[in-house]
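Trainee: My questions all concern the structure below.
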Amino acid sequence: MEKTLTISIAAYNVQDTIERALDSLLDWRINDDIEIIVVDDGGQDESLSIAKRYAEEYPGIVIPIHKENGGYGSTINASLEKSTGKYFKQLDGDDWFLTENFVEFVEVLKKTEADCVISEVAEYHAGTGEQKENEVHKKISEGIHSFAKINFESVLTMHGTAIKTKILQDHNIRIIEKCFYSDTELVVLPMPYLETFYMFKKAVYVYFIGAEGQSMSLGGIEKHYPDHEKVYWELVEVYNMIPEENTNKRNIILMRLAKEAVFHIEFLCCLPISSTHKKELVEFGNRLKKDYPDVYEATRKRRRMVRILFDTKFLAYHLVARKTRAKYKNR
């Protein structure tokens, strides 16, 4: 029986948080409409055992999978192979959904035939205990819209998007495996095949910020920043696939590319100051300027520190790098 929604949970050593994630999804009003595929990505803790216990209590709803470690992208790929949901959405094992809003969200999925459903996203900051529901799509009304007719002013995120499973499967959308920062691909790679979206005006996903060892922490960046560049050029290739006359859809990806380029420049600037890291920074900026001038200009406009670097031909590297590294250390 086809479900309304498949939720893929990446569960790598998340024994302390996986129950919170699962409990936020399970509600008697929608249990028959969802399947939760919990992918234990070769973890060493009790995450799989916890998932199996939930599977016994919720048969056919919670589906545990154990596999060798292949990174975040492999958990998405494994879930897509087994997905029977009309729509597909991901959840990290240390994040959760807002249950009441999620129940409403599933009801929308049951009725709409949009290619994807976009929602707001909430953030929980571990340091302060503050939870904030963001409103980044204020100007777009609730309901179904065409990507060709709506000019997005905010970046689309995988945390805030559910996509028709058939589109992902029919076009063989696969995320890079054994690679960090690949989550962005889930919302960018299908973009050439998405024509319509439904705007759901409430937050569903809660993104947990501040966990030590996360890929956006200073330690994570120092270990994995080359992965970010690898993913980045994959996203650029998708941008090149969109016809120039489809300006709104190109703009959606352009905003994402500019945001990710700023991230990558920040990553390179928060690394220990060295001639090697400066060279990597210069090569990245020059490649953007030479091969993708529109992305270069959008990136330049997005952040003051990027303009300073670009406009000084990277002579300001040492100054910007010191400030950037200090900012990431104090997060």
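When we follow the working numbering, the leftmost residue of the sequence shown carries the number -17, and every step to the right adds one. Here a beta-carbon is modelled for each residue, glycine too, at the ideal position from N, C-alpha and C. None of these values were measured; they are calculated from a predicted model.
Per DSSP, what kind of secondary structure is Gln72 in: helix, strand or coil?
Mentor: Gln72 falls in the strand class under three-state DSSP.
Trainee: Check Val20 in the structure and name its three-state DSSP category.
Mentor: Three-state result, Val20: strand.
Trainee: Output the boundary residues of the alpha helix (DSSP H) element that contains Ser56.
Mentor: That run of the alpha helix (DSSP H) goes 54 to 64.
Trainee: Taking a contact to mean a Cβ-Cβ separation below 8 Å, would you say Lys160 touches Gly53 in this structure?
Mentor: Yes, these two residues count as a Cβ contact at 8 Å.
Trainee: If we count Cβ pairs, one from each stretch, closer than 8 Å, do we get three or more for the region 157 to 174 versus the region 108 to 125?
Mentor: Because the criterion of three Cβ pairs below 8 Å is not met, the region 157 to 174 and the region 108 to 125 do not touch.
Trainee: Should Met223 be labelled buried (16 or more other beta-carbon atoms within 10 Å of its own) or exposed?
Mentor: Looking at its Cβ environment, which holds fewer than 16 other Cβ atoms inside 10 Å, Met223 is exposed.
Trainee: What is the DSSP secondary structure of Gly109, reduced to helix, strand or coil?
Mentor: Correct three-state label for Gly109: coil.
Trainee: When we look at the beta-carbon of Thr229 and count the other beta-carbons within 10 Å, is it buried (16 or more) or exposed?
Mentor: The residue is exposed, with fewer than 16 neighbouring Cβ atoms inside 10 Å.
Trainee: Any idea what DSSP makes of Thr258, helix, strand or coil?
Mentor: Residue state, collapsed to three classes: helix.
Trainee: Which full runs of the beta strand (DSSP E) of 3+ residues lie inside the region 134 to 176, going along the chain?
Mentor: The region 134 to 176 contains these whole beta strand (DSSP E) runs: 143 to 146.
Trainee: Below 8 Å, can you find three or more Cβ-Cβ pairs linking the region 281 to 290 to the region 234 to 247?
Mentor: Judged by Cβ distances under 8 Å, the region 281 to 290 makes contact with the region 234 to 247, as three or more pairs qualify.
Trainee: Name the residue from Gly267, Phe87, Leu176 whose alpha carbon lies nearest to the alpha carbon of Leu(-13).
Mentor: Ranking the options by Cα distance to Leu(-13), first place goes to Phe87.
Trainee: Pick from Lys184, Ala33, Glu117: whose alpha carbon is nearest that of Glu82?
Mentor: For Glu82, the nearest C-alpha among the options comes from Lys184.
Trainee: How about Ile320 and Met181: are their beta carbons less than 8 Å apart?
Mentor: Summary: the structure shown does not reach residue 320, with the chain confined to residues -17 through 313, and so no result is reported for it.
Trainee: Assign Gln72 to buried or exposed, taking buried as 16 or more other Cβ atoms, counted over all protein chains shown, within 10 Å of its Cβ.
Mentor: By the 10 Å Cβ count, Gln72 comes out buried.
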